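Taking it in order: structure first as structure tokens, then the write-up.
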Ligand code: DGY
């Protein structure tokens, strides 16, 4: 891993780094030390070193004299921020989803924005599958009962869960993470249905053993429905009361994408009234707040948005953000640019 980080810095070494030397950057989250140490060699760094979101007022103040920004998913980077950021040229987002950034405003201000695709695919897919197993086999409930001294004897009907092997998994959004979930599911001999904006090639479907289904069929047939779509105007509340009414009463909803893709109040009611079997959630509609009552339910597993939260992945995400930042600040096109339209407004080499 260290070698990979050195490689990133080596690639952009010498003249590039020297060019970047006098640049001032803001890092709004606490990144792995090995990355911070390298950043400090190349830039004047102002960083949030606390393991909590950077306060809005601090962001508005700190951005004023910065050339570059490494942002977190907890920052609301909107027009007001860009208005203050008169020197800002490059914003490297530490995350794949960038629904917290006003991309249009960034482009108008001539600011290049990048993200971190690919490197968090496996970590997020692993966590989605961990949630599938946890809800179906009641792992968290059983752990709690055992800790509380409620495991007093073995009995045939004690804490019965549901088998995962051989069941039907409906994947909504077959991008990289959705595909990685499908690959894991194959090992559990699951039937895989998927719904996506566009159908994937037949050879890919065959390789993943995934069948295309319209949303209605997917909801009706699946034992597990796992969400892997980005948050957009189209996907907000994609799953709500009507969708829950179509799901099997034994089915589980898994969400590791973005909270607002699900109408959380409708989910709470579906869980409370046992319209569905359960849910495994890593993300919430008004994160970090939870819909009142949700935490009291036993048929839901709740995680604190840790989809990409492995040391290996966070180091890769940080290295990728740094690589993009260095490219953008040295006049090159960042490899993971999300707003290519900015090239018309900026002086980056095309
Ligand atoms: C992302 O990258 O979008 C994740 O949600 C952050 O872990």
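In the numbering used here, the protein residues as written are 236 to 585.
Glycine residues also receive a C-beta, built at the ideal position from the N, C-alpha and C atoms.
What you are looking at is a predicted structure, and each value in this text was computed from that prediction instead of being measured.
Query	Result
Which listed residue (332, 360 and 341) has its alpha carbon closest to that of residue 303	341
Bridge-paired residues (DSSP) for residue 418	For residue 418, which the question treats as bridged, DSSP gives no partner whatsoever.
Burial state of residue 517, where buried means 16 or more other Cβ atoms lie within 10 Å	buried
Nearest-angstrom Cα separation, counted from residue 280 out to residue 324	15 Å
Closer than 6 Å: residues whose CB approaches a heavy atom of the ligand DGY	308, 330, 331, 332, 355, 542 and 543
DSSP state of residue 296 mapped onto helix, strand, coil	helix
Bridge-paired residues (DSSP) for residue 426	403
Environment of residue 296 [buried if 16+ CB atoms lie within 10 Å]	exposed
Start-end ranges of the alpha helix (DSSP H) lying completely within the region 311-387, minimum 4 residues	314-319, 338-343, 356-371 and 374-382
Span separating the alpha-carbon of residue 305 from that of residue 311	13 Å
Closest Cα partner of residue 278 within the set 270, 460 and 550	270
Reduced DSSP secondary structure (H/G/I, E/B, other) of residue 448	coil
Simplified DSSP assignment, three categories, for residue 479	helix
Cα-Cα separation between residue 509 and residue 395, rounded to whole angstroms	16 Å
Beta-carbon gap between residue 577 and residue 298 smaller than 8 Å	no
Contiguous alpha helix (DSSP H) assignments of at least 4 residues, all confined to the region 518-581	546-564
Spatial neighbours of residue 570 in its chain, beta-carbon cut-off 7 Å, leaving aside the 5 residues before and after	558, 559 and 562
Exposure of residue 478, with buried meaning 16 or more beta-carbon neighbours within 10 Å	buried
Exposure label - residue 388; buried when at least 16 CB within 10 Å	exposed
First and last residue of the uninterrupted beta strand (DSSP E) at residue 506	From DSSP, residue 506 is part of no beta strand (DSSP E) but of the alpha helix (DSSP H) over 499-507.
Inter-residue CB distance, residue 513 and residue 535 (contact presumed, cutoff 8 Å)	6 Å
Backbone secondary structure at residue 456 - three-state DSSP	helix
C-beta atoms of residue 350 and residue 465 nearer than 8 Å	no
Coil, strand or helix - residue 474 by DSSP	strand
Counterpart residues of residue 513 in DSSP-defined beta bridges	487
Simplified DSSP assignment, three categories, for residue 259	strand
Contact under 8 Å by Cβ, residue 526 with residue 503	yes
Same chain only: Cβ atoms within 8 Å of residue 267, ignoring 5 sequence neighbours per side	546, 549, 550 and 553
For residue 279, the residue or residues it bridges with in DSSP	259
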